[in-house]
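**Student:** Note that the sequence shown covers residues 11 to 480 in this note's numbering. The C-beta atom is built at its ideal place from N, Cα and C for all residues, glycine as well. Note that this is a predicted model, so its numbers are computed, not measured. Below is the structure I would like to discuss, written out as structure tokens.
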Amino acid sequence: MLDCVIVGGGIAGLASAYELSRRGVSFVLLERAARAGGVILSEEIDGFVIDGGPDALLIQKPDGIKLCEELGLGDRLVSTKPPRLAYIQRGGQLHALPAASVLGIPTRVGPFVSTRLFSWLGKLRMGAELFVPARRDEGDESIGSFMTRRFGREATTYLAEPLLAGIHAGDVDRLSIRALFPRFVEAERTHGSLLKAFRSNPNPASPANPESQIPNPGKGNGAFKSLAGGLSELIRALVSVLPSGSICLNSTVSRITEQREHGSFRVERASGDAIAARAVVIATPAYATSSLTRELDGEISGIFSEIRYASAATIVLAFPRRAVAHPLNGSGFVVPRVENTGIMAASWLSSKWPDRAPDDKVLLRTFVGGARDPKALEESDAELVSRSMRALRPLLGITGEPLLSRVYRWDRANAQHEVGHLDRVAAIERALTHHPGLFVTGSGFRGTGIPDCVADGRATGKQLAEWLRA
């Protein structure tokens, strides 16, 4: 009998497999798709290096970078190119995200006084945060409610909403402040004001804080790293060090049952065969986890069914450098919902990372869909390219048509940690104690980014190995 079956071959499942392999635990990983890696997908086309999904590893959360180094990819890590500026669109113009800010909260006054991103009334309202009384209710709150209550609607509309749409493809009025930005809640509780808190600690980002993924523009050597050939290098390296035959692709799991009399689980595949193992790691999206746990535990299944996902598409476009008038001096921009341009954000990949395009070409990428536009993926590839061109052409001064276009569709790929998420996680963890040998990991559970998934996947593998030895 195997020690473990891992269901799901995204980064969390692979990280669990890596940790189990290091600890001598026998396992098989079952992945329904024809490749491992989930939303991590890189391609090299005509001299362009393209990431169709995520393209960055957050430095402040070192687990992703540490894994790369363990796998011998340290010399493949690359930093973002200067000037490392990010922009926000307002009124048909791009405004640099004020320096020394975290989700738009200033840690220095100067950049916010000089920016044209906000009206003077908006700036005054943000400054008045110093005098807004702290919330006494200990319950969860949406990020939109929190930011509006403390900094005003303009800060939410032109900072919090577009930044979170760009990162999570989410709805600022549904995402949980406690799940995604716990330090903001703690700062309000202990200092009475976030401005006071961040003035006393002008570097609020830290490896333990999810809010660290909000960039601090222009700072140091940048907030992110990637791999020279795209993040699929990490997936290939992980797969290469796992035992031969331990990964089964095109392998859909249809049912998981518990056989307590044998101290094992039975994992059935759609192909008709079954695998017995002492433990199971489910590393699938929450909606799939809900289906797989329905017979095991109705409570766990029901809670996972409450975790929503957003769909999005990335559209990659290449142009001759001379066809784009804008200097592309930065990493890209985000778009507030109220601008209604049809895209959530755009990355200037050839300006953001080294060697992503030939010297006389530029590589751009737009993001569409998300919680603000859930029907976007119903459009054809050609329609999504046209939508992106309508948004980019006047803003960047683009002439002609793209040399290359690629559309990557990510259906229900962005986990939404909405109000009450931490309570849901706690309830799942309590219920799992009644099923020894059953483990759960993935972006819908404890963390959404690659470093979070790596950390939780490895922690799950370690916990499982220790459980087997007990």
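Going by DSSP, which residues form a beta bridge with residue 234?
**Tutor:** In the sequence shown, residue 234 corresponds to position 224, counting from 1. In DSSP, residue 234 forms a bridge with 68.
**Student:** From residue 400 to residue 14, what distance separates their C-alpha atoms?
**Tutor:** Along the sequence shown, one-based indexing puts residue 400 at 390. Along the sequence shown, one-based indexing puts residue 14 at 4. Between residue 400 and residue 14, the C-alpha separation is close to 50 angstroms.
**Student:** For the candidate residues 118, 134, 184, 198, whose alpha-carbon lies nearest to that of residue 147?
**Tutor:** Stepping through the sequence shown from its first residue, residue 147 is reached at position 137. Selected option, being the one with the closest Cα: 198.
**Student:** Within this structure, are the beta carbons of residue 3 and residue 209 separated by less than 9 angstroms?
**Tutor:** Any answer about residue 3 is impossible in this case: the structure gives the chain only from 11 up to 480.
**Student:** For residue 41, does the count of other Cβ atoms within 10 angstroms reach 16, so buried, or fall short, so exposed?
**Tutor:** Within the sequence shown, residue 41 is the residue found at index 31, counting from 1. Answer is buried; the Cβ neighbour count reaches 16.
**Student:** Taking the continuous alpha helix (DSSP H) assigned at residue 400, which residues delimit it?
**Tutor:** Counting from 1 along the sequence shown, the entry for residue 400 is found at position 390. Note, residue 400: alpha helix (DSSP H), 391 to 406.
**Student:** Here's the rule I'm using: 16 or more other beta-carbon atoms within 10 Å means buried, otherwise exposed. How should residue 299 be labelled?
**Tutor:** Within the sequence shown, the letter at position 289 stands for residue 299. Classification of residue 299: buried, given that the 10 Å Cβ count is 16 or more.
**Student:** Between 364, 185, 359, 233, which has its C-alpha nearest residue 151's C-alpha?
**Tutor:** For the purposes of this step, residue 151 is identified with residue 141 of the sequence shown, where counting begins at 1. Ranking 364, 185, 359, 233 by Cα distance to residue 151 puts 185 first.
**Student:** Note down, in chain order, each residue of its chain lying with its Cβ closer than 7 angstroms to the Cβ of residue 176, except the 5 sequence neighbours on either side.
**Tutor:** Position 166 of the sequence shown holds residue 176. Closer than 7 angstroms at the Cβ level, and outside the excluded window around residue 176, lie 344, 354, 355, 377.
**Student:** Roughly how many whole angstroms lie between the Cα atoms of residue 393 and residue 416?
**Tutor:** Reading the sequence shown from its first residue, position 383 is the one you call residue 393. Reading the sequence shown from its first residue, position 406 is the one you call residue 416. So the alpha carbons of these two residues sit roughly 12 angstroms apart.
**Student:** Ignore the nearest five residues each way along the sequence and tell me which others in residue 218's own chain have a CB closer than 8 angstroms to its CB.
**Tutor:** Working through the sequence shown from its first residue, we reach residue 218 at position 208. Low per-residue confidence applies at residue 218: pLDDT is 31, beneath 50, and the placement is therefore not dependable, though the value from the model is reported in the following sentence. Same-chain partners within the cutoff: there are none.
**Student:** Which runs of the beta strand (DSSP E) fall wholly inside the stretch 292 to 367 and span at least 3 residues, in chain order?
**Tutor:** The stretch 292 to 367 contains these whole beta strand (DSSP E) runs: 319 to 330, 342 to 344, 355 to 358.
**Student:** Could you have a look at residue 182 and say whether DSSP puts it in helix, strand or coil?
**Tutor:** As a first step, residue 182 is located in the sequence shown; it is residue number 172 there, counting from the start. Here residue 182 sits in coil by DSSP.
**Student:** Taking residue 328 and residue 414 to be in contact with their CB atoms under 8 angstroms, please state how far apart those CB atoms are, rounded to whole angstroms.
**Tutor:** On the sequence shown, position 318 is the one that residue 328 refers to. On the sequence shown, position 404 is the one that residue 414 refers to. Sure, about 4 angstroms apart at Cβ, within 8 angstroms.
**Student:** Could you give the uninterrupted runs of the alpha helix (DSSP H) lying entirely in the stretch 112 to 170, keeping only those of 4 residues or more?
**Tutor:** Counting whole runs of 4 or more residues, the stretch 112 to 170 contains the alpha helix (DSSP H) stretches 120 to 124, 130 to 137, 153 to 161.
**Student:** Relative to the C-alpha of residue 411, which candidate in 468, 330, 201 has its C-alpha closest?
**Tutor:** For this step, residue 411 is matched to residue 401 along the sequence shown. For residue 411, the nearest C-alpha among the options comes from 330.
**Student:** Let me know if residue 404 comes out buried or exposed under the rule of 16 or more other beta-carbons within 10 Å of its beta-carbon.
**Tutor:** Taking the first residue of the sequence shown as 1, we reach residue 404 at position 394. It is exposed - the Cβ of residue 404 has fewer than 16 other Cβ atoms within 10 Å.
**Student:** In the DSSP assignment, what are the bridge partners of residue 478?
**Tutor:** In the sequence shown, residue 478 corresponds to position 468, counting from 1. Paired residues: none, contrary to the question.
**Student:** Tell me, please, which residues DSSP counts as bridged to residue 418.
**Tutor:** Here residue 418 is taken as the residue at index 408 of the sequence shown, counted from 1. According to DSSP, which records beta bridges pairwise, residue 418 is partnered with 324.
**Student:** What's the C-alpha gap between residue 402 and residue 273?
**Tutor:** By 1-based counting over the sequence shown, the position of residue 402 is 392. By 1-based counting over the sequence shown, the position of residue 273 is 263. One C-alpha to the other measures close to 58 angstroms.
**Student:** Look up residue 290 in the DSSP assignment and say whether it is helix, strand or coil.
**Tutor:** Counted from its first residue, the sequence shown places residue 290 at position 280. Looking at residue 290 - three-state DSSP - the assignment turns out to be strand.
**Student:** With 16 other CB atoms within 10 Å as the buried threshold, where does residue 99 fall?
**Tutor:** For this step, residue 99 is matched to residue 89 along the sequence shown. Flag for residue 99 reads buried.
**Student:** Buried or exposed: which applies to residue 178, given that a residue is buried once 16 or more other Cβ atoms fall within 10 Å of its Cβ?
**Tutor:** On the sequence shown, residue 178 is found 168 positions in, with the first residue counted as 1. Its Cβ being crowded by 16 or more others within 10 Å, residue 178 is buried.
**Student:** Using the Cα positions of residue 248 and residue 409, report the straight-line distance between them to the nearest angstrom.
**Tutor:** As a working mapping, residue 248 is identified with position 238 in the sequence shown. As a working mapping, residue 409 is identified with position 399 in the sequence shown. Straight-line Cα distance between these residues: approximately 42 angstroms.
**Student:** Can you tell me whether DSSP reads residue 84 as helix, strand or coil?
**Tutor:** If you number the sequence shown from 1, residue 84 lands on position 74. Helix, per DSSP.
**Student:** If you follow the beta strand (DSSP E) that residue 371 is in, where does it begin and where does it stop?
**Tutor:** As a working note, residue 371 is residue 361 in the sequence shown. Counting along the chain, the beta strand (DSSP E) containing residue 371 begins and ends at 371 to 379.
**Student:** Sort out for me which residues DSSP pairs residue 425 with in a bridge.
**Tutor:** Here the question's residue 425 lines up with position 415 in the sequence shown. According to DSSP, which records beta bridges pairwise, residue 425 is partnered with 319.
**Student:** For residue 2, which residues in the same chain have their Cβ closer than 6 angstroms to its Cβ, ignoring the five residues on either side in sequence?
**Tutor:** Residue 2 is absent from the model: the chain starts at 11 and stops at 480.
**Student:** Taking only the alpha-carbon atoms, compute the straight-line gap between residue 235 and residue 375 and give it to the nearest angstrom.
**Tutor:** Here residue 235 corresponds to residue number 225 of the sequence shown, with the count starting at 1. Here residue 375 corresponds to residue number 365 of the sequence shown, with the count starting at 1. Going by the C-alpha atoms only, they are around 18 angstroms apart.
**Student:** When DSSP labels each residue in this structure, what does residue 462 get in the three-state scheme?
**Tutor:** Here the question's residue 462 lines up with position 452 in the sequence shown. Of the three classes helix, strand and coil, the one that applies to residue 462 here is helix, per DSSP.
**Student:** What does DSSP give as the partner residue(s) for residue 99 in the beta ladder?
**Tutor:** Taking the sequence shown and counting its residues from 1, one reaches residue 99 at position 89. Note: residue 99 sits in a beta bridge opposite 104.
**Student:** Return the chain-ordered list of same chain residues with a C-beta closer than 6 angstroms to the C-beta of residue 418, the five sequence neighbours on each side being excluded.
**Tutor:** Numbered from its first residue, the sequence shown carries residue 418 at position 408. Excluding sequence neighbours, residue 418 sits near 62, 324.
**Student:** Measure the C-alpha to C-alpha separation of residue 384 and residue 322 and round it to an integer number of angstroms.
**Tutor:** Here residue 384 refers to the residue found at position 374 when the sequence shown is read from its first residue. Here residue 322 refers to the residue found at position 312 when the sequence shown is read from its first residue. The alpha-carbon atoms of residue 384 and residue 322 are separated by roughly 8 angstroms.
**Student:** Suppose the cutoff is 8 angstroms on Cβ atoms and the five residues either side in sequence are ignored; what does the same chain contact list for residue 83 look like?
**Tutor:** Position 73 of the sequence shown, counted from the first residue, corresponds to residue 83. 237, 243, 244, 247, listed in sequence order.
**Student:** Can you look up residue 265 in the DSSP assignment and give me helix, strand or coil?
**Tutor:** Sequence index remark: in the sequence shown, residue 265 carries index 255 (1-based). Correct three-state label for residue 265: strand.
**Student:** May I ask you to report which of helix, strand or coil DSSP gives residue 439?
**Tutor:** As a first step, residue 439 is located in the sequence shown; it is residue number 429 there, counting from the start. If DSSP states are grouped into helix, strand and coil, residue 439 belongs with the helices.
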